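Notes to accompany the following structure.
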Amino acid sequence: MGRFVFRLEAVLRLRAAREEREILELAQLRRRAQEEEARFSQLMDLYEASQEEMGGDWWERWLGSCYRETLRREVRRAAQAVAEARHAEERQRENVLSARKERLTVEKLKEHRYAAFLAEERLKESRLLDEVSCLSFNHRLQEERR
2 MGRFVFRLEA VLRLRAAREE REILELAQLR RRAQEEEARF SQLMDLYEAS QEEMGGDWWE
62 RWLGSCYRET LRREVRRAAQ AVAEARHAEE RQRENVLSAR KERLTVEKLK EHRYAAFLAE
122 ERLKESRLLD EVSCLSFNHR LQEERR
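Mind the numbering: the sequence shown is residues 2 to 147 in the numbering used here, read in order.
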């Protein structure tokens with residue numbers, strides 16, 4: 002039996018490597034999104050806690066108001082960062098799916114070519130067996146005639 006050689010093996014390896022890189026990038030973006038969500042959650046907790054502290058003289062209330070305004074701006078920025086991180090994660094997920102689809106396409110082609118190779122090998126083997134049978138039959142026939 003012959004040896005199966007897939008000429009696009011290098012392409013398949015490149016596609017698999019690209020998919021791995023995309024998966025690693027997705028993992029990094031997920032981690033970043035989780036960090037941004039944790040930061041947002043911490044800021045929201047601080048903001049909610051600052052809402053409860055309304056006592057004291059006018060100076061403390063004014064400082065508290067400035068602090069809450071700063072926290073409000075930080076919460077908005079953190080919410081924007083979370084949205085951007087989620088959007089980047091979604092884009093990367095699409096990149097991973099695209100890379101996986103490209104790899105699977107080449108793998109499917111390899112499977113089809115391997116199946117065709119096996120069919121060709123079976124056909125060659127069948128022809129060889131037929132030829133051996135014919136030669137054997139002819140040899141026995143000649144032996145019987147002697």
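Each residue gets a CB set at the ideal place from its N, CA and C atoms; glycine is no exception. Since this is a predicted model, take the numbers as computed values, not measurements.
- Query: Looking at the unbroken alpha helix (DSSP H) that takes in D46, where does it start and where does it end?
  - Reply: Locating residue 46 in the sequence shown gives position 45, where the first residue counts as 1. Start and end: E10 to E53.
- Message: Three Cβ pairs or more, each shorter than 8 Å: is that satisfied between the segment 85 to 104 and the segment 28 to 41?
- Response: yes
- Item | Span of the alpha helix (DSSP H) around R74 | What you label residue 74 is simply residue 73 of the sequence shown in a count that begins at 1. First-last of the alpha helix (DSSP H) with R74: W59 to R146.
- Near M2, which residues of its chain fall below 8 Å by C-beta distance, leaving aside the five closest residues on each side in sequence? Position 1 of the sequence shown, counted from the start, is the residue given in the question as residue 2. Excluding positions up to five away in sequence, the list reads E122 and E126.
- Item | Selected residue, minimal CA-CA separation from E95, among S51, L13, L27 and L136 | Translated into positions along the sequence shown, residue 95 becomes position 94. When only C-alpha atoms are compared, the closest one is L27.
- With 16 as the cutoff for other CB atoms within 10 Å, does V133 come out buried or exposed? The sequence position of residue 133 within the sequence shown is 132, counting from 1. With fewer than 16 Cβ atoms within 10 Å of its Cβ, V133 is classed as exposed.
- Based on Cα-Cα distance, which residue from E70, V6 and E10 lies nearest to Q105? For this step, residue 105 is matched to residue 104 along the sequence shown. A quick correction: the sequence has Leu, not Gln, at residue 105. Of E70, V6 and E10, the residue nearest in Cα terms is E10.
- Task: Compare the Cα-Cα distances from A18 to each of V97, E144, Q81 and W63 and report the closest residue.
- Result: Along the sequence shown, read from residue 1 onward, the residue named residue 18 stands at position 17. Selected option, being the one with the closest Cα: V97.
- Item | Outcome for V83 when other beta-carbon atoms lying within 10 angstroms are tallied against a minimum of 16 | The residue given as residue 83 occupies position 82 in the sequence shown. Looking at its Cβ environment, which holds 16 or more other Cβ atoms inside 10 Å, V83 is buried.
- Message: Please return the same chain residues whose Cβ sits closer than 7 Å to the Cβ of Y115, not counting the five positions on each side in sequence.
- Response: Position 114 of the sequence shown, counted from the first residue, corresponds to residue 115. The residues are F5.
- Query: Should F41 be labelled buried (16 or more other beta-carbon atoms within 10 Å of its own) or exposed?
  - Reply: As a first step, residue 41 is located in the sequence shown; it is residue number 40 there, counting from the start. Burial call: buried.
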